[in-house]
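One structure is given below, encoded as structure tokens.
Numbering (this note's numbering), first residue to last: 81 to 184.
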């Protein structure tokens with residue numbers, strides 16, 4: 081629900097999330113916080129903790145490897161869109177580095 085509800089089909093958001101997950105897994109970043117329309121997420125080496133912003137009972141924890149795998153699969157779904165290449169080039173220009181996810 082988090083990916084489809086908050087990341088949706090916005091390539092740039094998915095690229096940001098992939099970069100954060102890769103940076104955390106590689107030790108380049110300790111943690112990151114996300115807040116969208118419906119979900120708040122805390123990313124760390126321990127995993128991804130999700131909390132729905134509207135219903136306290138909706139929360140979840142996913143280990144970091146599982147979250148990376150699922151977000152990579154979601155990117156592949158979005159990657160079928162012709163804007164994918166433009167989004168990657170723009171992300172790399174804006175961030176001043178090559179995107180850390182190898183599956184682009």
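Idealized CB from N, CA, C, for every residue including glycine. Note that the coordinates shown come from a computational prediction; the quantities given were computed from them, not determined experimentally.
Presumed contact (8 Å Cβ cut-off) between residue i and residue j, rounded CB distance
| i | j | result |
| --- | --- | --- |
| residue 123 | residue 101 | 7 Å |
| residue 167 | residue 92 | 6 Å |
| residue 97 | residue 87 | 6 Å |
Bridge partners - residue i, DSSP secondary structure assignment
| i | result |
| --- | --- |
| residue 131 | 120 and 139 |
| residue 115 | 120 |
Euclidean distance between Cα positions of residue i and residue j
| i | j | result |
| --- | --- | --- |
| residue 132 | residue 119 | 4 Å |
| residue 204 | residue 109 | Missing from the structure shown is residue 204; the chain here goes from 81 to 184 and no further. |
| residue 129 | residue 138 | 11 Å |
| residue 140 | residue 172 | 31 Å |
| residue 135 | residue 175 | 34 Å |
| residue 158 | residue 107 | 27 Å |
Close beta carbons around residue i, own chain, < 7 Å, minus the five adjacent residues each side
| i | result |
| --- | --- |
| residue 148 | 101 and 105 |
| residue 143 | 127 |
Same chain only: Cβ atoms within 6 Å of residue i, ignoring 5 sequence neighbours per side
| i | result |
| --- | --- |
| residue 114 | 121 |
Close-in-space but distant-in-sequence residues of the same chain around residue i (CB under 8 Å, 5 per side omitted)
| i | result |
| --- | --- |
| residue 163 | 91 |
| residue 152 | 98, 181 and 183 |
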